[in-house]
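Undergrad: Sharing a structure, written as structure tokens. Questions coming.
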Amino acid sequence: MLTNKLVEMFEHHDSHNNALGDLKANVIAICAQKGGVGKTTTTVNLAASLVRNHGAKVLVIDLDPQGHVEKSLGSIIPDGLEYAPVSSVLTAKKGNILDAVIKTSQEALHITPGDKVLYETEGALSSKIGRESILANALKIPRTHYDYIIIDCPPNLGTLTINALCAADYVAIPCEMSVLAFEGVTDLLETLETVNERLNRGLKVLGVIFTRVDGRNITMNQLVEENLKNFFGGNIFKTRIGINTDLNKAQLEGRPVMDFAPSSSGSINYQALADEVVKKIKKLEV
């Protein structure tokens, strides 16, 4: 259930721009405590839709050691180009995420690929002073280069995820519409409340994104939604991401679904989600 502190996170915008300087980009953490809920699929297709339909310049930061962002979007690395893995940027004395950026086939969509070294980075950061704000500091310069920075968090609540939440203005939570939806919800809410109270007063919850929705399971869908409203105060995206095989096929091809299958339900869903994200952020910024 929502505490008073969490209600504030959902309903009010307390900008922390003064703490980080003159910022431009909206930083969104895509966070889920368990895998298999469409976290990376949501990250890459939301980013691509913001670029395609809203003319935005977007950076996707992959903090998941599985490195699925690069596999889902592909990358363009010119011969001779040297870039630092995001893991080395996070462990550097004064890291800059721009050192880890590479291009994709979409001109205005850039990524910082994740890799298995991030498993070790998690432990390396745990002993550093000010470890929670390392990513926030590394994003100070990149914030002035992009309209949106979207962070694909690891499927846990470890040091990397805490870094993402401390660096973010907003958090969106993909959630499979099934009986498994409630796994870890209480822990996630407690973490969000703690981060907001102690580390990042500006963090706001955009809402829960229902993924892998099977429209045939009407009764189950209604039950899950009603119960999650009790946890998240009704802050749930109207857009539902239905089950669609084109989403998996597009990832295998290393392309956003709107490029791979423009008329598919997956493409339509994620474009609608991007529209809703933009509207929610504008409303929160008022």
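Counted the way our numbering counts, the sequence shown spans residues 1344 to 1629. Built from N, CA and C at the ideal position, the CB exists for glycine as well. Computed from a predicted structure; not experimentally measured.
1) Please report the straight-line C-alpha distance between T1455 and K1400, rounded to a whole angstrom.
2) Report all residues from its chain with a CB closer than 8 angstroms to the CB of N1396; omit the five preceding and five following residues, and keep chain order.
3) Could you spell out the range, first to last residue, of the beta strand (DSSP E) harbouring C1518?
4) Which of the three DSSP states is assigned to H1359 in this structure?
5) When the Cα atoms are used, what is the spatial distance from N1539 to L1546?
6) Please report the straight-line C-alpha distance between E1628 and H1453, rounded to a whole angstrom.
7) My parser needs the alpha helix (DSSP H) runs of 4 or more residues fully inside the region 1563-1606; what are they?
8) Helix, strand or coil, according to DSSP, for R1474 in the structure here?
9) Going by the CB atoms, is the gap between V1412 and V1387 shorter than 8 angstroms?
10) Within 10 Å of its beta-carbon, does T1588 have 16 or more other beta-carbons around it, so buried, or fewer, so exposed?
TA: The structure says:
1) Here the question's residue 1455 lines up with position 112 in the sequence shown. Here the question's residue 1400 lines up with position 57 in the sequence shown. Cα atoms of T1455 and K1400: separation of roughly 14 angstroms, rounded to the nearest angstrom.
2) Stepping through the sequence shown from its first residue, residue 1396 is reached at position 53. Here the set comprises Q1614, A1617, D1618.
3) Residue 1518 sits at position 175 when you count from the first residue of the sequence shown. Run containing C1518: 1513-1519, per the beta strand (DSSP E) assignment.
4) By one-based count along the sequence shown, residue 1359 stands at place 16. For H1359, the pLDDT reaches just 42, beneath the cut-off of 50, and the residue's location in the model is therefore unreliable, leaving the point undetermined.
5) The sequence position of residue 1539 within the sequence shown is 196, counting from 1. The sequence position of residue 1546 within the sequence shown is 203, counting from 1. The C-alpha of L1546 is placed about 6 angstroms away from the C-alpha of N1539.
6) Stepping through the sequence shown from its first residue, residue 1628 is reached at position 285. Stepping through the sequence shown from its first residue, residue 1453 is reached at position 110. Cα-Cα distance, rounded: 25 angstroms.
7) Assignment of alpha helix (DSSP H) within the region 1563-1606, counting only whole runs of 4 or more residues, yields 1588-1596, 1600-1603 in chain order.
8) Here residue 1474 refers to the residue found at position 131 of the sequence shown. Taken through DSSP and simplified to helix, strand or coil, R1474 comes out as helix.
9) The residue you call residue 1387 lines up with position 44 of the sequence shown. The residue you call residue 1412 lines up with position 69 of the sequence shown. For V1387 and V1412, yes; Cβs fall inside 8 angstroms.
10) Within the sequence shown, residue 1588 is the residue found at index 245, counting from 1. Exposed, since its Cβ has fewer than 16 Cβ neighbours within 10 Å.
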